[in-house]
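Those protein sequence lines, which keep their order, are chains A and B.
So in the UniProt record's numbering, spot 76 of the first sequence is number 76, and the numbers just go up one at a time.
So in the UniProt record's numbering, spot 158 of the second sequence is number 158, and the numbers just go up one at a time.
Number of protein chains: 2
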Amino acid sequence: MGERGVPRAERRRRTEEKILGAARTLFAEVGFERATIRAIARAAGVDPALVMQYFGTKQELFQQAARVTPVADGELTAEEVVEHVLASLSVKMGEVPQGSLAMMRSMLTHPEAAASARQVLGEQIDRLAAAIPAEDARLRAALLTTIMLGVAVGHQLLELDELRGVSSDEIARLLRPSLRALTAEQVAGDRTG
Amino acid sequence: MGERGVPRAERRRRTEEKILGAARTLFAEVGFERATIRAIARAAGVDPALVMQYFGTKQELFQQAARVTPVADGELTAEEVVEHVLASLSVKMGEVPQGSLAMMRSMLTHPEAAASARQVLGEQIDRLAAAIPAEDARLRAALLTTIMLGVAVGHQLLELDELRGVSSDEIARLLRPSLRALTAEQVAGDRTG
DNA sequence: TCATTCGCTCAACAGGCGTTGACTCAACGA
DNA sequence: TCGTTGAGTCAACGCCTGTTGAGCGAATGA
């Protein structure tokens with residue numbers, strides 16, 4: 001199967017990367033429980049036992065495959081926050097990293113993925129809250145985050161017909177006023193009915 | 001174990017309901033794949049074989065347990081749509097029917113659940129779109145729906161700390177301007193930067 | 001050159017899964 | 001009263017899962 005002259009260390013790195021790639025794809029497509037070690041190994045062109053040897057456990061394989069690199073950011077204004085969130089949604093709309101998709105796909109059924117999701121979302125909420133000038137900044141930031149989560153789920157994972165093929169710009173344009181309404185401090189009173 | 005004097009038909013109905021209840025709870029808590037027939041039967045105080053005898057297949061059990069009764073509605077104004085959506089979120093916040101939770105919990109990993117979710121959400125989008133006075137009404141309705149989906153997922157299933165114990169009224173109050181921004185036709189131009 | 005390392009495969013294990021068929025026994029209808 | 005029905009159980013099936021230990025053969029370093 002492979003490249004006779006390649007040194008061991010390099011071969012090992014390549015194989016590990018092949019496995020991680022296959023794992024990311026499968027975890028993203030079918031979630032943690034339906035993505036079997038055997039299927040991942042097959043997709044990577046490798047024996048299932050090798051996957052275990054390299055990653056020890058399906059759990060650890062998932063953790064490495066679904067690791068999301070946290071985007072550390074400086075201080076932002078409220079308006080910048082909106083644009084930042086909108087930009088993160090699109091990232092060219094469909095080029096969302098597979099690791100993130102894997103985590104999202106699994107977060108409702110796999111406890112470890114849920115914990116990761118909570119942490120990642122929690123960090124984003126913290127970052128956003130710092131830029132929202134309101135006493136209930138954390139709650140507003142949480143809603144902002146869940147809004148984007150919902151749109152991402154509906155679009156990337158559920159693949160709702162209505163969102164298919166819609167450009168990220170158009171979604172951003174429609175969503176912008178809604179997000180701004182959350183980041184701007186409410187002054188006017190409102191009625192319930 | 002059971003009520004000697006109860007007639008057969010009644011016993012049968014009660015047992016079926018016990019199984020469905022246990023199924024709803026487990027599907028809602030851990031999703032389709034992790035909710036085993038054995039665990040459901042145990043929770044219902046019944047033999048696993050009986051579950052199969054009554055429902056035929058785990059798939060059919062899920063379909064019956066996660067059946068969501070569509071709320072058919074008359075025509076609404078745009079503002080009524082917002083209130084309707086907000087009200088549906090709360091339904092006393094935490095008393096979301098377990099069937100719906102089961103469907104939501106499973107929709108990212110179980111194809112059948114995904115199909116159901118698409119259908120239910122699609123119907124809601126249709127209903128909402130009819131009340132939104134804009135050319136891109138369907139897209140706006142879809143975003144409205146995914147927004148509420150995200151909030152529900154974050155609150156009910158992911159149980160984000162920031163949303164825990166927050167009253168539905170407060171969430172509705174914060175979300176209202178955002179939703180109205182989506183239902184009201186945009187007139188003002190907007191800048192991207 | 002030769003012993004050693006190590007990437008990788010093979011065959012198997014134990015356990016859990018959905019599902020089935022034979023069975024028990026109380027409720028039923030005549 | 002007695003045969004029939006049907007609710008419910010029991011033990012087992014075949015399959016698939018994550019995981020393991022023994023082994024093969026090429027790259028490695030002395």
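C-beta atoms are modelled at their ideal positions from N, C-alpha and C, and glycine is treated no differently.
Only a predicted model underlies this, so the values are computations on that prediction, with no experimental measurement involved.
* To do: Note down the Cα distance separating B/Ile-171 from B/Leu-101, rounded to an integer number of angstroms.
  => Counting only the Cα atoms, B/Leu-101 lies some 19 Å from B/Ile-171.
* Asked: When burial is assigned at 16 or more other CB atoms within 10 Å of the CB, is B/Arg-14 buried or exposed?
  -> Taking all protein chains in view, the Cβ of B/Arg-14 is surrounded by fewer than 16 other Cβ atoms within 10 Å, so the residue is classified as exposed.
* Could you spell out where the alpha helix (DSSP H) holding A/Ser-167 opens and where it closes? => That residue, A/Ser-167, is in no alpha helix (DSSP H); it is neither H nor E in DSSP.
* Under 8 Å between C-beta atoms, does residue 222 of chain A make it to chain B? -> Any property of residue 222 of chain A remains undetermined from this structure, which presents chain A solely from 1 to 193.
* **When A/Val-51, A/Val-166 and A/Pro-177 are compared against A/Ile-147, the one with the closest alpha-carbon** => When the alpha-carbon of A/Ile-147 is set against those of A/Val-51, A/Val-166 and A/Pro-177, the nearest one is in A/Pro-177.
* Determine, using beta carbons only, whether B/Thr-109 and A/Arg-34 come nearer to each other than 8 Å. => Yes, the Cβ-Cβ distance between B/Thr-109 and A/Arg-34 is below 8 Å.
* Asked: In chain order, what residues of the same chain have a beta carbon less than 6 Å from the beta carbon of A/Ala-23, not counting five sequence neighbours either side?
  -> Excluding sequence positions up to five before and after A/Ala-23, its CB lies within less than 6 Å of the CB of Ile-40, Leu-61 and Ala-65, all in the same chain and listed in chain order.
* Asked: Alpha carbon to alpha carbon, how far is B/Ala-184 from B/Ala-141?
  -> Distance between the alpha carbons of B/Ala-184 and B/Ala-141 is about 11 Å.
* Asked: Is B/Leu-143 closer than 8 Å to A/Leu-157 when the C-beta atoms are compared?
  -> At the C-beta level, A/Leu-157 and B/Leu-143 stay beyond 8 Å of one another.
* Asked: Around the C-beta of A/Glu-162, are 16 or more other C-beta atoms found within 10 angstroms, so that it is buried, or is it exposed?
  -> Counting C-beta atoms within 10 angstroms of its own C-beta, A/Glu-162 has 16 or more neighbours from the protein chains shown and is therefore classed as buried.
* Asked: Would a C-beta distance cut-off of 8 Å place B/Met-107 and B/Val-68 closer than the cut-off?
  -> Their beta carbons are not under 8 Å apart, which means B/Met-107 does not touch B/Val-68 by this criterion.
* Whose Cβ in chain B lies nearer than 9 Å to the Cβ of A/Ile-40? -> The contacting residues do not exist; A/Ile-40 stays about 16 Å from chain B at best.
* Would you report the Cα separation of A/Gly-189 and A/Leu-182, rounded to the nearest angstrom? -> For A/Gly-189, the predicted model reports a pLDDT of 44, less than 50, meaning its position is unreliable; a value from the coordinates is still stated below. The alpha-carbon atoms of A/Gly-189 and A/Leu-182 are separated by roughly 15 Å.
* Cut-off 7 Å between Cβ atoms - residues of its own chain near A/Gly-154, not counting five sequence neighbours on either side -> Excluding positions up to five away in sequence, the list reads Leu-160 and Leu-163.
* To do: Pick helix, strand or coil for A/Val-6, following the three-state DSSP scheme.
  => Shown here, A/Val-6 sits in coil according to DSSP, grouped into three states, outside any helix or strand.
* Asked: Where does A/Arg-12 land, buried or exposed, given buried means 16+ other C-beta within 10 angstroms?
  -> So A/Arg-12 ends up on the exposed side.
* Asked: To the nearest angstrom, how far is it from the Cα of B/Gly-193 to the Cα of A/Leu-179?
  -> Confidence at B/Gly-193 is low in this model, with a pLDDT of 32, below 50, so its placement is unreliable and no value can be given for it.
* Interface residues of chain B facing A/Pro-133 [CB-CB closer than 8 Å] -> Chain B residues near A/Pro-133: none, gap ~14 Å exceeds 8 Å.
* Report yes or no: is there a C-beta of chain B within less than 8 Å of the C-beta of A/Ala-102? => No, A/Ala-102 does not count as interfacial toward chain B.
* Asked: Any C-beta of chain B sitting closer than 8 Å to the C-beta of A/Leu-20?
  -> By this cut-off, A/Leu-20 is not an interface position.
* Asked: Within the 8 Å Cβ cut-off, does B/Ile-37 reach chain A?
  -> No - not a single Cβ of chain A is within 8 Å of the one on B/Ile-37.
* Determine the direct distance from the alpha carbon of A/Phe-55 to that of A/Leu-128, and round the result to whole angstroms. => When rounded, the distance between both Cα atoms is 35 Å.
* To do: On a CA-only basis, which of A/Gln-124, A/Phe-32 and A/Gly-99 is nearest A/Pro-111? Give me that one, please.
  => Comparing Cα-Cα distances from A/Pro-111 to each of A/Gln-124, A/Phe-32 and A/Gly-99, the minimum goes to A/Phe-32.
* Pick from B/Gly-150, B/Leu-149 and B/Leu-20: whose alpha carbon is nearest that of B/Leu-50? -> When only C-alpha atoms are compared, the closest one is B/Leu-20.
* Asked: If you run the structure through DSSP and keep just helix, strand and coil, what is B/Met-107?
  -> Coil.
* Who are the neighbours of A/Ala-117 on chain B, taking C-beta pairs under 7 Å? -> The answer, in chain order, is Leu-158.
* Since B/Ala-131 is in the alpha helix (DSSP H), which residue starts that stretch and which ends it? -> Premise fails: B/Ala-131 is in no alpha helix (DSSP H) and is neither H nor E.
* **DSSP-derived helix/strand/coil call for A/Ala-41** => If DSSP states are grouped into helix, strand and coil, A/Ala-41 belongs with the helices.
* Endpoints, alpha helix (DSSP H) assigned at B/Leu-157 -> Judged by DSSP secondary structure, B/Leu-157 falls outside any alpha helix (DSSP H); it is assigned neither H nor E.
* Closer than 7 Å by beta-carbon distance: list the chain A residues that pair up with B/Ala-181, in chain order. => By Cβ distance, chain A contributes Pro-177, Ser-178 and Ala-181.
* Excluding sequence positions up to five away, which residues of its chain have a Cβ less than 7 Å from the Cβ of B/Asp-47? -> Answer for B/Asp-47: Ala-41, listed in chain order.
* Asked: Quick one: Cα of B/Ile-125 to Cα of B/Ala-137, how far?
  -> Straight-line spacing of the CA atoms in B/Ile-125 and B/Ala-137 works out to 9 Å.
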